[in-house]
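Here the structure comes first, spelled out in structure tokens, and everything after it is commentary.
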Amino acid sequence: MTMDHVYMRDWFGEPGIDAFPDVLNIFDIATRSKYCIPVSSHEAFETYVALNDVKGNNKITQIYSDNHTSLEKATKQLGANHEGSQPGHAKTNAIIERCNQDILIGIRTLLVTAGLPACFWTYAGPAYCFFENITQDQDGNSPWSLRHGDNFKGEIIPFGCGVFFLPVSTKYVNSKAAPSMSYGIFLGYRMAPGGKWSGEYLVADIYDFVDMPLDVYASEKQCLVKPHMTDQVRMGKRGVCFPIKPKYDQVNLTLGGHEATSCTRPEWKHDPFGVPTLDPRAVWTTANAD
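In the working numbering, the protein residues as written are 56 to 345.
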């Protein structure tokens with residue numbers, strides 16, 4: 056197994072949804088399973104918790120990574136051997152570096168396809184790895200089957216797809232005269248320890264996106280979602296559709312859209328060579344100001 060932290064704050068220093076600034080990527084070489092875990096810090100204990108969650112009831116004997124102190128400490132806390140890469144030679148850590156690139160490209164692809172701002176990487180990253188893990192090769196094998204003994208049996212739903220779902224009763228219950236299922240945006244699968252699936256899907260109510268700025272650089276404070284963890288999801292007669300995408304394209308790919316959202320972006324300045332720099336006095340929106 057190999058792992059690496061990746062800094063995910065954007066150009067403006069904004070974290071992802073739920074204020075996660077970084078991610079821990081884990082690659083199980085034996086099964087080729089990938090895991091993308093948003094983290095609040097690079098501290099050893101948080102790294103250990105993430106590793107232990109991926110491990111579940113399995114045993115990890117050796118972990119290969121760079122020589123960051125937190126990775127070494129977390130590995131020791133887990134009771135595994137740690138092998139460090141050669142300092143200053145990135146190619147000696149090439150497996151996880153390539154995995155990092157793959158996950159980042161996957162995140163971008165899912166977000167653009169779904170029409171969601173970049174701060175939704177905290178959902179897109181785990182979802183991309185999940186899709187990679189359950190994808191079968193021409194022989195019917197997958198990283199999922201290699202680790203869990205059988206291929207994935209749940210519904211395979213594209214990230215950001217519109218779905219009907221049964222709301223969680225702790226959030227709200229639909230009126231008896233209303234349809235029993237609500238409509239929302241699919242954001243992934245709820246995982247259980249050991250890289251297993253809990254049997255629940257993550258779906259954000261469509262109302263969470265009302266008046267949400269869909270500028271690709273929208274702040275996570277402007278994109279508040281609290282997904283339902285539900286075990287009943289249906290795609291409906293339309294099949295695969297991405298309800299957020301049309302507005303996302305209008306905001307990001309038209310002049311009118313950029314003019315309407317320009318007040319939500321920080322002001323830019325340029326150095327003597329024309330390189331853009333961020334004005335430190337800028338704020339995202341007046342709503343975020345004190």
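No residue lacks a Cβ here, since even glycine has one placed at the ideal position from N, Cα and C.
What you are looking at is a predicted structure, and each value in this text was computed from that prediction instead of being measured.
Coil, strand or helix - residue i by DSSP
i: glutamine 117; result: strand
i: isoleucine 211; result: coil
i: histidine 283; result: strand
i: asparagine 136; result: strand
i: valine 306; result: helix
i: arginine 202; result: helix
i: valine 338; result: Low local confidence applies: a pLDDT of 40 at valine 338 is under 50, so the model's placement there is unreliable, and no value is given.
i: arginine 64; result: coil
i: phenylalanine 100; result: helix
i: isoleucine 72; result: helix
i: glutamine 277; result: helix
i: lysine 110; result: helix
i: leucine 126; result: helix
i: alanine 105; result: helix
Per DSSP, the bridge partner or partners of residue i
i: glycine 217; result: Ile240
i: aspartate 31; result: The structure shown does not extend to residue 31, since the chain spans only 56 to 345, so no value can be given for it.
i: methionine 58; result: Ile81
i: lysine 251; result: Ala247
i: valine 346; result: One cannot answer for residue 346 here, as it falls past the ends of the chain, which runs 56 to 345.
i: arginine 289; result: Phe219
Pick from the options that is closest to residue i, judged by C-alpha positions
i: glycine 39; options: Pro298, Pro198 and Glu255; result: The chain is shown from 56 up to 345; residue 39 falls before or after that span and cannot be answered.
i: proline 353; options: Lys89, Phe207 and Ser120; result: In this structure the chain extends from 56 to 345, so residue 353 is not present and cannot be described.
i: alanine 233; options: Leu221, Asn113, Ala273 and Tyr244; result: Leu221
i: valine 295; options: Tyr272, Val218, Ser253 and Tyr183; result: Val218
i: alanine 74; options: Asn80, Ser237, Arg202 and Arg64; result: Arg64
i: isoleucine 211; options: Val288, Gly111 and Thr57; result: Val288
i: lysine 89; options: Phe175, Leu79, Pro282 and Cys216; result: Leu79
i: asparagine 136; options: Phe207, Ala179 and Thr57; result: Thr57
i: isoleucine 150; options: Gly291, Ile261, Ile162 and Arg87; result: Arg87
i: alanine 85; options: Ile118, His123, Ile72 and Met236; result: Ile118
i: glycine 71; options: Ile158, Leu279 and Ser224; result: Leu279
i: tyrosine 178; options: Gly243, Trp252 and Thr164; result: Gly243
i: methionine 290; options: Ser237, Glu138 and Arg202; result: Ser237
i: phenylalanine 100; options: Ala129, Arg202, Thr147 and Gly215; result: Ala129
i: glycine 250; options: His123, Asp108 and Phe82; result: Asp108
i: alanine 105; options: Gly209, Pro93, Gly139 and Asn112; result: Pro93
Endpoints, the beta strand (DSSP E) within which residue i is located
i: lysine 89; result: 88 to 94
i: glutamate 314; result: Not the beta strand (DSSP E): glutamate 314 falls in the alpha helix (DSSP H), residues 310 to 316.
Cβ-based neighbour list, residue i, same chain, cut-off 6 Å, excluding 5 preceding and 5 following
i: tyrosine 303; result: Gly170 and Leu269
i: aspartate 286; result: Gly254 and Glu255
i: asparagine 307; result: Val271
i: proline 213; result: Val295
i: glutamine 305; result: Gly312
i: isoleucine 261; result: Tyr238 and Gly239
beta-carbon residue i near the ligand MG non-hydrogen atom, thresh 6 Å
i: lysine 208; result: Ligands displayed in this structure: none; no statement on the ligand MG is therefore possible.
7 Å CB neighbourhood of residue i in its chain, flanking five on each side removed
i: glutamate 69; result: Cys174, Ser274 and Glu275
i: asparagine 343; result: With a pLDDT of 42 at asparagine 343, under the threshold of 50, the modelled position of this residue cannot be trusted, and the question is left open.
i: serine 200; result: Asn206
i: tyrosine 62; result: Asp77
i: phenylalanine 186; result: none
i: isoleucine 162; result: Trp176, Ala179, Gly180 and Tyr183
i: isoleucine 115; result: Met56, Leu133 and Ala135
i: methionine 267; result: Gln277 and Cys278
Close Cβ partners of residue i (< 8 Å) along its chain, the five nearest in sequence each way excluded
i: aspartate 194; result: none
i: glutamate 98; result: Ser125
i: lysine 281; result: Lys226, Ala259 and Asp263
i: glutamate 152; result: Asp59 and Ala145
i: valine 228; result: Pro222
i: serine 197; result: Asn188, Ile189, Thr190, Gln191, Asn206 and Phe207
Start-to-end residues for the alpha helix (DSSP H) that takes in residue i
i: cysteine 184; result: 176 to 189
i: glutamine 156; result: 149 to 169
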